[in-house]
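Take a look at the structure below.
Laid out in structure tokens, this is it:
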């Protein structure tokens, strides 16, 4: 669906996913409660993004809506909960030959459908390849895509990332599907030895010839189609599986390798993945947020358990409710769990001068609610519990 103006009514903005200007924003569909990513693109990409929206493929993010207003364009696409290949490399979770080949196989499958539509990605690199928590590989970020028809001698605009971009992306010729295959060849080499082919070519027997052919300077000497490169990768995987010298895998790599193979099952997010996608601290997949969240949740749990040291079972129920109002409720509001801020006056506004009184109002309501509950609950506590609580103060 293509709208003429932003669908602010349909989506609730939650938080930016990076600290960069024009960062993608995590949003939530108010009607379906589904999490999506809102990205801003140049209006010149409208036609290509509309072509991309027609594609529904497991190795590409699903585009749900394209919104335009004057010279601005917003795209609402599937939120991918996982890590990009660059992050996996930094954590040494992508060192296994089979895993690298499975990665290449998945990317070529995404490219096969893109190239069939005459769409060239032009910016294939580790940070633009995601691995979901369910092990599904997805090729993302379409800032540089273009439509290829073979009618130009070179590209009007030169885009791509230095080191991964093919020679023709610097203006020597028009980019085509072989440009994407060049970039993928570089990615496979980086996954293998963490260096560009011109700096250090992989010596891995299952990857070396694959990388050499994909990264030839002359496009005529490379793989000519994604399906051709895909067939070679599948052949190498078969040889690897038959080989008795297959590299031993660490447990974390085994996990990802198994998930890459089981695409049918991994296409449907697991219960844990769905659950974590709404839990504050785990929604965006950033480690530092997750660590803070885990520490805080442990503190809350400790506070609840410590209130159970004495008294009857009813004392413990009241104490649990007390702790939840005191600690859990403000956490829910502050982190906008389940989009609760949209239900609170002023907090639902995007304007900061509205949000400040909104938070003040929420604090006042919280204090009144806690005071009221404490006053109501105190007469129902057992003498033993009240005595113990008085001694701890």
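Numbering (full-length UniProt numbering), first residue to last: 1 to 393.
Just so you know, even glycine gets a beta-carbon here, dropped at the ideal spot from N, CA and C.
Assigned secondary structure, residue i (DSSP; H/G/I helix, E/B strand, else coil)
i: residue 120; result: strand
i: residue 216; result: coil
i: residue 385; result: helix
i: residue 40; result: strand
i: residue 263; result: Annotation note: pLDDT 42 at residue 263 (below 50); position unreliable, coordinate value reported separately. Helix, per DSSP.
i: residue 279; result: coil
i: residue 151; result: The predicted model places residue 151 with a pLDDT of 40, which falls under 50 and marks its position as unreliable; any figure quoted below should be read in that light. Coil.
i: residue 138; result: strand
i: residue 357; result: helix
i: residue 378; result: helix
i: residue 126; result: helix
i: residue 223; result: coil
Proximity of residue i and residue j at Cβ, strictly below 8 angstroms
i: residue 103; j: residue 191; result: yes
i: residue 82; j: residue 131; result: yes
i: residue 123; j: residue 143; result: yes
i: residue 14; j: residue 24; result: no
i: residue 120; j: residue 177; result: yes
i: residue 75; j: residue 49; result: yes
i: residue 407; j: residue 325; result: Because residue 407 is not part of the residues shown, which for the chain are 1 to 393, the question remains open.
i: residue 22; j: residue 11; result: no
i: residue 237; j: residue 361; result: no
Straight-line gap, residue i to residue j (C-alpha atoms, nearest Å)
i: residue 112; j: residue 129; result: 15 angstroms
i: residue 197; j: residue 243; result: 25 angstroms
i: residue 215; j: residue 27; result: 39 angstroms
i: residue 346; j: residue 126; result: 41 angstroms
i: residue 396; j: residue 289; result: The chain is shown only over 1 to 393; residue 396 falls outside these bounds and no answer can be derived.
i: residue 383; j: residue 315; result: 10 angstroms
i: residue 56; j: residue 114; result: 11 angstroms
i: residue 20; j: residue 377; result: 48 angstroms
i: residue 241; j: residue 108; result: 20 angstroms
i: residue 235; j: residue 226; result: 14 angstroms
i: residue 303; j: residue 295; result: 12 angstroms
i: residue 343; j: residue 380; result: 32 angstroms
Residue range of the unbroken beta strand (DSSP E) whose run includes residue i
i: residue 83; result: 82 to 84
i: residue 29; result: 25 to 29
i: residue 72; result: 72 to 78
Residue i - containing alpha helix (DSSP H), residue span
i: residue 64; result: Here residue 64 belongs to no alpha helix (DSSP H); instead the beta strand (DSSP E) covers 63 to 69.
i: residue 177; result: 177 to 193
i: residue 332; result: 329 to 334
i: residue 199; result: From DSSP, residue 199 is part of no alpha helix (DSSP H); its letter is neither H nor E.
i: residue 322; result: 313 to 323
Three or more C-beta pairs closer than 8 angstroms, one from the region 35 to 46 and one from the region 90 to 99: is that the case here? no
The region 385 to 392 contacting the region 304 to 318, beta-carbon criterion three pairs below 8 angstroms: yes
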